[in-house]
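K.L.:
Would you mind keeping the following structure in view while I ask a few things?
In our numbering, the protein residues as written are 16 to 180.
As structure tokens, this is what we get:
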């Protein structure tokens, strides 16, 4: 299962074999005018290398979704590509993610990242410090967004523990 979280800096991803078993993760940075082209090439390479049976994305098509038009276009391109490759695509809203992580004692994005860092040991040392009001978001948080999508996929299937760390 490959969770993909496109963002302004590039494409974060987390590939899992099971609920708490990450295989690969990272952030493919994109620059310049053709961020979607670079992002799509990165996703294409990931799909070819990792051979996922499911791709998980943020919901991008519903009204009120707070994603830039560029990121929404990239997500649509990724979903279309996945369908053409006979890969199942799952999309989750922010509310879907919050519902799964509420059971684990997390409500905010940072609390969700803390739960992930506590349960998925490979992510533990990647947790950034809490953000102050005047700070921009740490780029590592996008990695936790991808991991949150992945764990939402497993949580929806009842494959996560019932309590946080």
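Note that the Cβ used here is the ideal one computed from N, Cα and C, for glycine as well.
1) Report the start-end ranges of each beta strand (DSSP E) in the region 18-48 that is 3 residues or longer and not cut off at the edges.
2) To test your reading of the DSSP string, which unbroken alpha helix (DSSP H) runs of 4 or more residues are found completely within the region 58-116?
3) Going by the beta-carbon positions, is the gap between residue 17 and residue 55 smaller than 8 Å?
4) Pop quiz: residue 162 and residue 135 are said to be a contact at Cβ under 8 Å. What is the actual Cβ separation, rounded to whole angstroms?
5) Considering only C-alpha positions, which residue in the set 26, 37 and 97 is nearest to residue 131?
6) Beta-carbon within less than 7 Å of residue 165's beta-carbon, same chain only, minus the 5 sequence neighbours each way: which residues are those?
7) So residue 24 packs on residue 42, CB below 8 Å; how close in whole Å?
8) Pairing CB atoms from the region 65-84 with CB atoms from the region 43-54, are three or more of them under 8 Å?
9) If I measure Cβ to Cβ from residue 143 and keep anything under 7 Å in the same chain, skipping five residues before and after, which residues do I get?
10) Give me the residue from 160, 67 and 57 with the minimum Cα distance to residue 124.
11) How would you write the range of the alpha helix (DSSP H) that residue 169 sits in, first residue to last?
12) Which residues in the same chain have their Cβ closer than 6 Å to the Cβ of residue 108, if we skip the five residues on either side of it in sequence?
P.N.:
Short version:
1) The region 18-48 contains these whole beta strand (DSSP E) runs: 25-33 and 36-44.
2) 84-99
3) no
4) 7 Å
5) 37
6) Closer than 7 Å at the Cβ level, and outside the excluded window around residue 165, lie 16, 18, 29, 31 and 71.
7) 7 Å
8) no
9) 153, 155 and 156
10) 160
11) 155-171
12) 74
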